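The block underneath contains the structure these notes are about, expressed in structure tokens.
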């Protein structure tokens with residue numbers, strides 16, 4: 390196995406280095422996830438209402454790609470091992486949650502667009 394040491398690759402072997410590499414990857418992944426959550430919260434909180442509909446439409450398109458990718462992964466799993474079963478469950482959950490996000494986003498977008506439609510003037514026709 391290769392480990393990065395002060396800019397150079399150094400050959401290492403053993404379980405300790407593999408565990409250390411995995412722990413580093415997991416910690417970096419958690420760090421990126423938390424950073425994305427805080428950044429997303431800050432960005433969404435500052436979006437004006439007039440930009441909500443176009444942003445929601447873009448998000449729906451992105452989640453449509455996520456659903457397609459999850460379905461492709463779910464369809465490509467051929468096996469009955471424990472790892473394959475876990476992968477099937479995770480891919481199925483990704484399909485369900487991604488689909489719920491897409492459909493919910495379209496509902497919210499439709500409701501937002503309804504706010505901008507002009508209401509019929511019932512008072513003008515009924516009063517004369």
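In this note's numbering, the protein residues as written are 390 to 517. Cβ coordinates follow ideal geometry from the N, Cα and C atoms, glycine included. It should be emphasised that the depicted structure is a prediction, and the values quoted were computed from it without experimental measurement.
Start and end of the alpha helix (DSSP H) containing residue 500? By 1-based counting over the chain shown, the position of residue 500 is 111. 471 to 504 is the span of the alpha helix (DSSP H), which, as asked, contains residue 500.
Where does residue 466 sit, in a helix, a strand or coil, going by DSSP? Locating residue 466 in the chain shown gives position 77, where the first residue counts as 1. Residue 466 sits in coil when the DSSP states are folded into three classes, being neither helix nor strand.
Buried or exposed for residue 489, please, with buried defined as at least 16 other CB atoms from any protein chain shown within 10 angstroms of its CB. Walking along the chain shown from the start, residue 489 turns up at place 100. Under this definition residue 489 is an exposed residue.
Whole-angstrom C-beta distance between residue 484 and residue 445, which should lie under 8 Å: Start at 1 with the first residue of the chain shown, and residue 445 comes out as number 56. Start at 1 with the first residue of the chain shown, and residue 484 comes out as number 95. The pair is not a contact, with the Cβ atoms about 20 Å apart (cut-off 8 Å).
With burial defined as no fewer than 16 other Cβ atoms inside 10 Å of the residue's Cβ, what is the status of residue 510: buried or exposed? To locate residue 510, count along the chain shown from 1; it is residue 121. With fewer than 16 neighbouring CB atoms inside 10 Å of its own CB, residue 510 falls in the exposed class.
Measure the alpha-carbon distance for residue 414 versus residue 505 and round it to whole angstroms. Within the chain shown, residue 414 is the residue found at index 25, counting from 1. Within the chain shown, residue 505 is the residue found at index 116, counting from 1. CA-to-CA, the gap between residue 414 and residue 505 works out to about 47 Å.
Report the three-state DSSP secondary structure of residue 443 (helix, strand or coil). By 1-based counting over the chain shown, the position of residue 443 is 54. Shown here, residue 443 sits in a helix according to DSSP, grouped into three states.
Excluding five sequence neighbours on each side, which residues of the same chain lie with their C-beta closer than 7 Å to the C-beta of residue 453? In the chain shown, counting from the first residue as 1, residue 453 sits at position 64. 491.
Reduced DSSP secondary structure (H/G/I, E/B, other) of residue 397: On the chain shown, residue 397 is found 8 positions in, with the first residue counted as 1. In this predicted model, residue 397 has a pLDDT of only 49, less than 50, meaning its place in the structure is not dependable; the value taken from the coordinates is given anyway. When DSSP states are grouped into helix, strand and coil, residue 397 belongs to the strand group.
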